[in-house]
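> Have a look at the structure that comes next, please.
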Amino acid sequence: SQTIHQWPATLVQPVGSPLSLECTVEGTSNPNLYWYRQAAGRGLQLLFYSVGIGQISSEVPQNLSASRPQDRQFILSSKKLLLSDSGFYLCAWSVREAFFGQGTRLTVV
Amino acid sequence: AQSVTQPDIHITVSEGASLELRCNYSYGATPYLFWYVQSPGQGLQLLLKYFSGDTLVQGIKGFEAEFKRSQSSFNLRKPSVHWSDAAEYFCAVGYNNDMRFGAGTRLTVKP
């Protein structure tokens with residue numbers, strides 16, 4: 758069966774520090790992969806999606822970047838975090854419907 | 002531009018009462034349609050999905066949704082709400098590789 762792993766679960770980082778969140782999927786090949794951000798009390802904002810290795814589509818110009826170095830690995834990064842980067846980050850994979858990881862709560866202080 | 006609208010930010014219902022959460026979408030073609038539920042601090046769980054065929058779809062936990070093409074809607078319903086249904090509910094649409102979510106509706110269940 759397919760599973761998705763996202764880590765870490767929580768993260769507190771100072772402003773200006775780098776960020777790396779990792780997501781891996783098991784049990785499927787060539788999935789679509791997504792990064793979403795959920796601000797407190799708000800819906801999900803699509804940040805990036807990928808349809809294959811090295812293929813990244815960015816939805817919103819921002820302080821973040823994404824990479825897909827392997828078929829089932831999706832990484833969200835930042836060189837210098839801003840306070841506004843705080844939020845709940847969710848990784849998902851899909852063929853048709855999306856399946857989500859458990860999320861990473863990022864607090865930038 | 003593609004969009005998903007959940008007009009109700011917060012709904013409160015009494016336990017045992019019926020529930021309907023609204024969702025409207027704007028897409029150039031009929032997308033795939035989904036409802037997800039999120040408990041606090043957790044990821045999203047798929048409740049049900051519509052790809053094609055019968056426009057009334059059944060999901061987990063006693064939920065159902067009806068696709069109405071003429072209204073571009075995909076409303077979620079449950080005949081009798083349980084206290085454990087209190088959560089955030091998200092409508093989503095998918096088309097090709099794109100998946101968009103509504104802003105969510107927070108459901109509170111009164112005893």
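Those sequence lines, one after another, are chains A and B.
Quick note on numbering: the working numbering labels position 59 of the first sequence as 816, and the sequence is numbered without any gaps.
Quick note on numbering: the working numbering labels position 100 of the second sequence as 101, and the sequence is numbered without any gaps.
All C-beta atoms, glycine included, are put in the ideal place defined by N, C-alpha and C.
Quantities reported herein were computed from a predicted structural model and do not represent experimental measurements.
Less than 7 Å between the beta carbons of Glu21 (chain B) and Arg78 (chain B), yes or no?
Residue mapping note: residue 21 (chain B) aligns to position 20 of the second sequence, counting from 1. Residue mapping note: residue 78 (chain B) aligns to position 77 of the second sequence, counting from 1. In this structure, Arg78 (chain B) lies closer than 7 Å to Glu21 (chain B) by Cβ.
> Relative to the C-alpha of Pro32 (chain B), which candidate in B:Pro41, B:Thr56, B:Val38, B:Asp9 has its C-alpha closest?
Here residue 32 (chain B) is taken as the residue at index 31 of the second sequence, counted from 1. Of the listed residues, the one whose Cα sits closest to Pro32 (chain B) is B:Thr56.
> When you compare the segment 15-29 of chain B with the segment 75-95 of chain B, are there three or more beta-carbon pairs, one atom per stretch, that lie closer than 8 Å?
The segment 15-29 of chain B is in contact with the segment 75-95 of chain B.
> According to DSSP, which residues form a beta bridge with Phe845 (chain A)?
Here residue 845 (chain A) is taken as the residue at index 88 of the first sequence, counted from 1. Phe845 (chain A) is bridged to A:Gln795, A:Arg862.
> Just the Cα atoms here: how many angstroms apart are Val113 (chain B) and Val866 (chain A)?
Since the first and last residues shown for chain B are 2 and 112, residue 113 (chain B) lies out of range.
> Taking the beta carbon of Ala30 (chain B) as the centre, do at least 16 other beta carbons fall within 10 Å, making it buried, or is it exposed?
Working through the second sequence from its first residue, we reach residue 30 (chain B) at position 29. Under this definition Ala30 (chain B) is an exposed residue.
> What are the start and end residues of each continuous beta strand (DSSP E) run of 3 or more residues lying completely inside the segment 4-46 of chain B, in chain order?
Segments of the beta strand (DSSP E) lying fully in the segment 4-46 of chain B: 4-6, 11-15, 20-22, 25-27, 33-39.
> Would you kindly work out how many angstroms separate the C-alpha atoms of Asp842 (chain A) and Leu863 (chain A), rounded to a whole number?
One-based indexing of the first sequence puts residue 842 (chain A) at position 85. One-based indexing of the first sequence puts residue 863 (chain A) at position 106. Answer to the nearest angstrom: the Cα atoms are 8 Å apart.
> Leu768 (chain A) and Leu833 (chain A) look like a contact to me (Cβ under 8 Å); what is the Cβ gap, rounded to whole Å?
Here residue 768 (chain A) is taken as the residue at index 11 of the first sequence, counted from 1. Here residue 833 (chain A) is taken as the residue at index 76 of the first sequence, counted from 1. Actually they are not in contact, since the Cβ atoms of Leu768 (chain A) and Leu833 (chain A) sit about 11 Å apart, beyond 8 Å.
> What residues from chain B crowd round Val808 (chain A), counting only those whose CB sits closer than 8 Å?
Translated into the one-based positions of the first sequence, residue 808 (chain A) becomes position 51. In chain order: Asn98.
> Is Trp764 (chain A) near the ligand MN, with its Cβ less than 6 Å from a heavy atom?
Within the structure as shown, the ligand MN is missing, as the structure has no ligands at all.
> So what does DSSP say about Gln759 (chain A), is it helix, strand or coil?
Counting from one through the first sequence, the residue named residue 759 (chain A) turns up at place 2. Note: Gln759 (chain A) maps to coil in three-state DSSP.
> By alpha-carbon positions, which one of A:Asn789, A:Ser758, A:Glu783 ends up nearest to Gly95 (chain B)?
Here residue 95 (chain B) refers to the residue found at position 94 when the second sequence is read from its first residue. Measuring from the Cα of Gly95 (chain B), the nearest candidate turns out to be A:Asn789.
> Compute the beta-carbon to beta-carbon distance between Val782 (chain A) and Trp850 (chain A), rounded to the nearest angstrom, for a pair I have assumed lies under 8 Å.
For the purposes of this step, residue 782 (chain A) is identified with residue 25 of the first sequence, where counting begins at 1. For the purposes of this step, residue 850 (chain A) is identified with residue 93 of the first sequence, where counting begins at 1. Yes, Val782 (chain A) and Trp850 (chain A) are in contact; Cβ-Cβ is about 5 Å, under 8 Å.
> Between Phe845 (chain A) and Leu45 (chain B), is the Cβ-Cβ spacing less than 7 Å?
Sequence index remark: in the first sequence, residue 845 (chain A) carries index 88 (1-based). Sequence index remark: in the second sequence, residue 45 (chain B) carries index 44 (1-based). Cβ distance not < 7 Å, so Phe845 (chain A) and Leu45 (chain B) don't count as in contact.
> Express the C-alpha separation of Ile813 (chain A) and Arg706 (chain A) in angstroms, rounding to a whole number.
The structure shown does not extend to residue 706 (chain A), since chain A is modelled only from 758 through 866, so no value can be given for it.
> Please look up how many angstroms separate the CB atoms of Ala88 (chain B) and Leu108 (chain B), rounded, as I've assumed it's under 8 Å.
The sequence position of residue 88 (chain B) within the second sequence is 87, counting from 1. The sequence position of residue 108 (chain B) within the second sequence is 107, counting from 1. Correct: roughly 6 Å between the Cβ atoms.
> I need the straight-line Cα distance from Ser53 (chain B) to Phe35 (chain B), nearest angstrom please.
Working through the second sequence from its first residue, we reach residue 53 (chain B) at position 52. Working through the second sequence from its first residue, we reach residue 35 (chain B) at position 34. Ser53 (chain B) and Phe35 (chain B): Cα-Cα distance of roughly 12 Å.
> Under the assumption that Gln39 (chain B) contacts Arg23 (chain B) (Cβ atoms under 8 Å), give the Cβ distance between them as a whole number of angstroms.
Taking the first residue of the second sequence as 1, we reach residue 39 (chain B) at position 38. Taking the first residue of the second sequence as 1, we reach residue 23 (chain B) at position 22. Gln39 (chain B) to Arg23 (chain B), Cβ: 17 Å. No contact.
> What does DSSP give as the partner residue(s) for Ala87 (chain B) in the beta ladder?
By 1-based counting over the second sequence, the position of residue 87 (chain B) is 86. Answer is none; Ala87 (chain B) lacks a bridge partner.
> Return the chain-ordered list of same chain residues with a C-beta closer than 8 Å to the C-beta of Ser758 (chain A), the five sequence neighbours on each side being excluded.
The residue you call residue 758 (chain A) lines up with position 1 of the first sequence. Counting only Cβ-Cβ distances below 8 Å, and skipping sequence neighbours, we find Gly784.
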